[in-house]
Amino acid sequence: VVIGLEIHTQLATKSKIFSGASTLYGEETNTQACLIDLGYPGILPVLNTEVVRMAVKFGLAVNATIQSLSVFARKNYFYPDLPKGYQISQYELPIVEQGELFIRDADGAEKRVGITRAH
Numbered sequence: 022v023v024i025g026l027e028i029h030t031q032l033a034t035k036s037k038i039f040s041g042a043s044t045l046y047g048e049e050t051n052t053q054a055c056l057i058d059l060g061y062p063g064i065l066p067v068l069n070t071e072v073v074r075m076a077v078k079f080g081l082a083v084n085a086t087i088q089s090l091s092v093f094a095r096k097n098y099f100y101p102d103l104p105k106g107y108q109i110s111q112y113e114l115p116i117v118e119q120g121e122l123f124i125r126d127a128d129g130a131e132k133r134v135g136i137t138r139a140h
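Read in order, the letters of the sequence shown correspond to residues 22 to 140 in my numbering.
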């Protein structure tokens, strides 16, 4: 049996992945956004290097392949809560591929969980 999971996590960084806007927990709604987050024309995103460092550390921890080339793409959506109309994402060429995690079941037997990609 193969079960696929998509797991999201929040990284403990001081700013967002593609903007310098703060990520301080507990702040008022809509107070931690900048022109990049709002999708203003001509404002280009800049990748947060701390996020890349964390992704590489995760990849090493799960014995994954760390790619020397990683590509982000725009996925276009028309959702009312997405004013930009797109998300920046990775799929085709993620930074981390083919890792593994070992867990123990209720009987103590070790099981391997494959990690296809992390992005």
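For each residue, glycine too, the CB sits at the ideal point set by N, CA and C. Treat the numbers as computed from the prediction; the structure is a model and nothing was measured.
Next on the checklist: Would Gly120 and Val83 be called neighbours here (beta carbons separated by less than 7 Å)?
Outcome noted: For Gly120 and Val83, yes; Cβs fall inside 7 Å.
Checklist entry - Using a Cβ-Cβ cut-off of 7 Å (strictly less than) and excluding sequence neighbours within five positions of Leu32, which residues of its own chain qualify? => result Answer for Leu32: Val72 and Met75, listed in chain order.
Checklist entry - Any heavy atom of the ligand SAM closer than 6 Å to the Cβ of Ala82? => result Questions concerning the ligand SAM fall outside what the structure shown contains, since it holds no ligand whatsoever.
Item to check | For Leu122, the three-state DSSP class (helix, strand or coil) | outcome: Residue state for Leu122 is assigned as strand, using DSSP reduced to three classes.
Item to check | Range covered by the alpha helix (DSSP H) that runs through Val134 | outcome: Annotation for Val134: no alpha helix (DSSP H) segment contains it, though the beta strand (DSSP E) segment containing it runs Glu131 to Ala139.
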